[in-house]
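The sequence shown begins at 0 in numbering that gives the first Met the number 0 and counts up by one.
What follows is a set of notes on a single structure, which appears directly below.
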Amino acid sequence: MNKSLWSLIVLFLLVVMATTLFVFNNGLWGSKAEETPRGAFRMGQRGDRVSYRETGRTGKRSAPDEVAFLIDEALKNIEKNDINAAEDNIRTALVFDYENMRALTILGRILFVKEEYPQAEDVFRRQLEIEPDDSTALNNLGSTLVRLNKLPEAIKYTARSHELSPESPEIMLNLAGLYSMTGDKKKAVALLRKVYKIIGSAMITLSSDESFDNIRNDPEFIELMTQVMNNSYKMEQRKP
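Below you can see the structure in the form of structure tokens.
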């Protein structure tokens, strides 16, 4: 087989494999966003990885055991793709503890997946009233504002999220996508170079992210993606 043709086949397989892993790792939260016309803006993971808030702003909380149980039930229902049941669980939990940050994050992400973007925006803004410097809430609000075509505001909140979590590749990818969409090519590529140092060949998934359509013909972007693909190909060649 022609060597150049073989190289193209290997690169194509790498793209398919990387995209599959990306979708699998992001689960429910990644799948819906990738179907929208503005690229795969990534939601924060706080909702299912951080312990629920011990107290609200008042320092009081009713039935903490019930809140924890309802959040766990919601996550189980999400795993079963029963989103309506999960939403019911979370809304009930918020009756007991209306400022529970974990429950609010999960509710906002559920609404985002259901494409109820104005309601998701309200939830994430509510979180920022409780914790103004919560980088996950800032990032999630930015991703939601993209869907509402509020790009200047989306940049504002995502940039602030990046300031607070400067090493987060998900936040950097979101901000780079926003810079791409608004025509700031240099800032977009600069962020993507930083992301590449962190996630390596997983950058191949950008080949299907529509938020980077505006910079696909940019020489610096082409150079970067060529480097990504060449390094990925070399890694495949070294495998036994």
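Virtual Cβ for every residue (Gly too), placed ideally from N, Cα, C.
- Taking Pro168 as reference, the option from Ala153, Lys193 and Leu150 with the minimal CA-CA separation is Lys193.
- Taking a 10 Å sphere around the C-beta of Val94, we find fewer than 16 other C-beta atoms and assign the residue as exposed.
- When DSSP states are grouped into helix, strand and coil, Lys185 belongs to the helix group.
- For Arg101, the closest alpha carbon among the candidates Met171, Leu74 and Ile221 is that of Leu74.
- Boundaries of the alpha helix (DSSP H) harbouring Tyr156: Leu150 to Leu163, taken from the DSSP string.
- In the three-state DSSP reduction, Glu98 falls in the coil class, being neither helix nor strand.
- Asn173 has its alpha-carbon roughly 14 Å from the corresponding atom of Lys184.
- Note on geometry: alpha-carbon atoms of Asn138 and Thr157 lie some 5 Å from one another.
- The C-beta distance from Val122 to Leu103 rounds to 6 Å, short enough to meet the 8 Å contact threshold.
- Separation of Asn88 and Ser200 (C-alpha to C-alpha, rounded to the nearest whole angstrom) is 38 Å.
- Residue environment for Ile197: exposed (fewer than 16 other C-beta atoms within 10 angstroms of its C-beta).
- Rounded to whole angstroms, the separation of the alpha carbons of Glu86 and Arg108 is 10 Å.
- The C-alpha of Ala153 is placed about 7 Å away from the C-alpha of Ser142.
- Taking Ile77 as reference, the option from Lys113, Tyr97 and Asp64 with the minimal CA-CA separation is Lys113.
- In this structure, Asn83 sits away from Ala92, with a CB-CB distance that is not shorter than 8 Å.
- Straight-line spacing of the CA atoms in Thr225 and Lys155 works out to 31 Å.
- In the three-state scheme derived from DSSP, where H, G and I count as helix and E and B as strand, Glu166 is classed as coil.
- Taking C-beta atoms as the reference points, Leu144 and Glu162 fail to come closer than 8 Å.
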